[in-house]
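Participant: Position in the sequence shown (from 1) plus 10 gives the number in my numbering.
For glycine and all other residues, C-beta sits at the position ideal for the given N, C-alpha and C.
This is the structure, below, for whatever I ask next.
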Amino acid sequence: MAKLQALDGFDDEVQVLVVGAGPVGLTLACELLRHGVKCRVLDAGNGPTPIAESRALGIQARSLEVFDDVGISGELTSRGHPLTSIDLYAGQRRLTRFDFAFDGLGTCYPYLLILSQGETERVLVERLRALGGCVEWNCRLQELRQDEHRVTAVVQSEDGATHECPASYLVGCDGAHSQVRHCLSLAFEGAAYEELFLLADVEIDWPLSPKQAHILITADGLAPAIPLADGKGWRLIDARGVSDAREEEQILERFRRLLAESPFPQATIRRVIWTSAFRIHRRVVDRMHVGRCFVAGDAAHLHSPVGGQGMNTGIQDTYNLAWKLAHVVHGFADERLLQSYDDERLPVAKAVIRNTDRATRMVTLRSRPLRALRNLVASNIAGWVPLRRRITRGISQ
Numbered sequence: 011m012a013k014l015q016a017l018d019g020f021d022d023e024v025q026v027l028v029v030g031a032g033p034v035g036l037t038l039a040c041e042l043l044r045h046g047v048k049c050r051v052l053d054a055g056n057g058p059t060p061i062a063e064s065r066a067l068g069i070q071a072r073s074l075e076v077f078d079d080v081g082i083s084g085e086l087t088s089r090g091h092p093l094t095s096i097d098l099y100a101g102q103r104r105l106t107r108f109d110f111a112f113d114g115l116g117t118c119y120p121y122l123l124i125l126s127q128g129e130t131e132r133v134l135v136e137r138l139r140a141l142g143g144c145v146e147w148n149c150r151l152q153e154l155r156q157d158e159h160r161v162t163a164v165v166q167s168e169d170g171a172t173h174e175c176p177a178s179y180l181v182g183c184d185g186a187h188s189q190v191r192h193c194l195s196l197a198f199e200g201a202a203y204e205e206l207f208l209l210a211d212v213e214i215d216w217p218l219s220p221k222q223a224h225i226l227i228t229a230d231g232l233a234p235a236i237p238l239a240d241g242k243g244w245r246l247i248d249a250r251g252v253s254d255a256r257e258e259e260q261i262l263e264r265f266r267r268l269l270a271e272s273p274f275p276q277a278t279i280r281r282v283i284w285t286s287a288f289r290i291h292r293r294v295v296d297r298m299h300v301g302r303c304f305v306a307g308d309a310a311h312l313h314s315p316v317g318g319q320g321m322n323t324g325i326q327d328t329y330n331l332a333w334k335l336a337h338v339v340h341g342f343a344d345e346r347l348l349q350s351y352d353d354e355r356l357p358v359a360k361a362v363i364r365n366t367d368r369a370t371r372m373v374t375l376r377s378r379p380l381r382a383l384r385n386l387v388a389s390n391i392a393g394w395v396p397l398r399r400r401i402t403r404g405i406s407q
């Protein structure tokens with residue numbers, strides 16, 4: 011993608027500099043502009059996430075409510091696929107259907123919206139342009155310094171030249187390997203899980219309905235299959251954690267064996283869209299801002315993708331922060347308001363890490379007796395309405 015036209019020159023001070031143009035940074039920029047805050051957005055990449063790499067693909071109810079304010083929920087829902095139930099299988103049969111229990115949540119979006127991260131980013135970029143902003147791609151943060159009046163970021167642009175970019179505030183939305191977090195010397199305590207997770211976005215010939223997600227319960231663990239928004243593709247996930255597969259063909263062979271042992275042994279992978287193998291981390295910063303600099307999303311907290319809360323938690327970080335920055339910038343509040351970002355969002359991040367850690371440990375159990383107990387509980391969970399409500403509430407925030 012060609013580099014978008016820059017805003018003003020690098021020497022012109024803006025009110026907020028946003029580093030990172032994924033869903034989190036783009037949401038922040040849109041909200042800042044909507045509140046009348048002059049901002050600029052820099053990203054080290056050359057464009058949005060490729061459409062083929064679906065990556066984060068579940069938008070939760072509360073995030074859709076945020077996107078109502080941003081002005082894009084309608085566009086997102088028109089492109090996405092609403093998911094309201096999961097079928098569970100074990101051995102050669104379907105055990106039950108788990109229907110999400112959205113009653114009592116008071117939301118206009120009683121579902122999980124399935125949409126690839128690349129599509130979500132493109133909708134946000136279009137909205138950013140409509141609000142008068144743009145993303146400056148191929149701009150990499152090198153270092154930053156700050157005093158009581160401003161932040162100065164040293165940025166390397168596409169031509170290799172370095173520039174000083176002054177701003178009243180800076181927010182790092184630059185992901186797991188955040189340069190902003192590194193520059194601020196923020197502790198990022200936690201650990202990696204031993205298990206290797208495998209993903210494959212594929213088209214499959216099999217009889218499963220794309221209206222539901224499906225989970226295969228095996229002796230080794232759980233293997234979800236999630237329909238993609240186009241109605242043709244599927245996200246296969248091997249969360250059993252006993253593989254050293256890294257290359258695409260190794261990953262696909264792992265999934266072929268899984269399908270052969272499923273209730274659908276004749277299922278055939280006919281097209282490969284994208285594959286990935288990765289270890290997941292559980293980490294969190296000790297604080298989410300230092301002086302005039304803030305971190306949000308994966309730059310501030312990492313956790314298991316079980317439950318699909320990573321992108322959603324980051325989106326809600328920036329929704330919390332945007333209006334506070336706007337109030338301070340416009341003189342409606344003093345800077346003490348900004349401390350409430352830490353006070354409110356850090357406990358949320360820690361709670362998400364705790365909950366997803368428990369869920370991940372359940373998915374990757376190694377003890378045969380405990381796996382058998384887990385599978386028994388999973389097969390009977392559909393009838394426990396209070397538990398269904400609790401699970402739905404937990405993943406919808």
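When the Cα of Ala233 is compared with those of Trp333, Leu98 and Gln349, which residue comes out closest?
Facilitator: Answer by Cα proximity: Leu98.
Participant: Do Leu208 and Ala270 have their C-beta atoms within less than 8 Å of each other?
Facilitator: Contact flag unset, no.
Participant: What residue from Ser389, Asp109, Leu386 and Pro176 has the CA that sits closest to Arg160's CA?
Facilitator: Closest by alpha carbon: Pro176.
Participant: Quick one: using the 10 Å Cβ neighbour count with 16 as the cut-off for buried, is Leu134 buried or exposed?
Facilitator: That one is buried.
Participant: Throw me the rounded Cβ distance for the Gly90 and Leu52 pair, which I believe falls under 8 Å.
Facilitator: Between Leu52 and Gly90 the Cβ distance is about 28 Å, and since that is not below 8 Å, they are no contact.
Participant: Can you tell me which residues form a DSSP beta bridge with Asp327?
Facilitator: The partner list for Asp327 (beta bridge, DSSP) is empty, contrary to what the question assumes.
Participant: By how many angstroms is the C-alpha of Pro60 removed from the C-alpha of Pro141?
Facilitator: Checking the displayed sequence, the identity of residue 141 turns out to be Leu instead of Pro. Going from the Cα of Leu141 to the Cα of Pro60 covers about 23 Å.
Participant: On a Cα-Cα basis, can you pick out the residue from Leu151, Leu218 and Gly55 that is closest to Ile236?
Facilitator: Residue Leu218 is the option with its Cα nearest to Ile236.
Participant: Secondary structure at Val47, three-state DSSP: helix, strand or coil?
Facilitator: Coil.
Participant: Short of 6 Å in beta carbon distance, which residues of its chain neighbour Ile279, apart from the five on each side in sequence? Order them along the chain.
Facilitator: Val212 and Ile214, listed in sequence order.
Participant: What do you reckon, are the CB atoms on Leu125 and Ala223 nearer than 8 Å?
Facilitator: The answer is no: Cβ separation not under 8 Å.
Participant: Three or more C-beta pairs under 8 Å: does that hold for the stretch 39 to 48 against the stretch 314 to 327?
Facilitator: Not touching, per the Cβ criterion.
Participant: Where does Phe77 fall in DSSP's three states?
Facilitator: Helix.
Participant: Should the stretch 300 to 314 be called in touch with the stretch 183 to 191, which here means at least 3 C-beta pairs below 8 Å?
Facilitator: A contact exists between the stretch 300 to 314 and the stretch 183 to 191.
Participant: Determine, using beta carbons only, whether Tyr121 and Leu93 come nearer to each other than 8 Å.
Facilitator: Yes, these two residues count as a Cβ contact at 8 Å.
Participant: Which of the three DSSP states is assigned to Trp333 in this structure?
Facilitator: Residue state, collapsed to three classes: helix.
Participant: Report the three-state DSSP secondary structure of Gly68 (helix, strand or coil).
Facilitator: Strand.
Participant: Whose CA, out of Ala382, Arg400, Ile401 and Trp394, lies closest to the CA of Gly101?
Facilitator: Answer by Cα proximity: Ala382.
Participant: Thinking Ala249 and Val373 are a contact (beta carbons under 8 Å), I'd like their distance in whole angstroms, please.
Facilitator: Yes, they are in contact, since the Cβ atoms of Ala249 and Val373 sit about 5 Å apart, within 8 Å.
Participant: May I ask you to report which of helix, strand or coil DSSP gives Gly320?
Facilitator: Looking at Gly320 - three-state DSSP - the assignment turns out to be helix.
Participant: By Cβ distance, which residues of its chain are closer than 6 Å to Phe110, with the 5 residues on each side in sequence left out?
Facilitator: Hits under 6 Å: Thr94 and Thr402.
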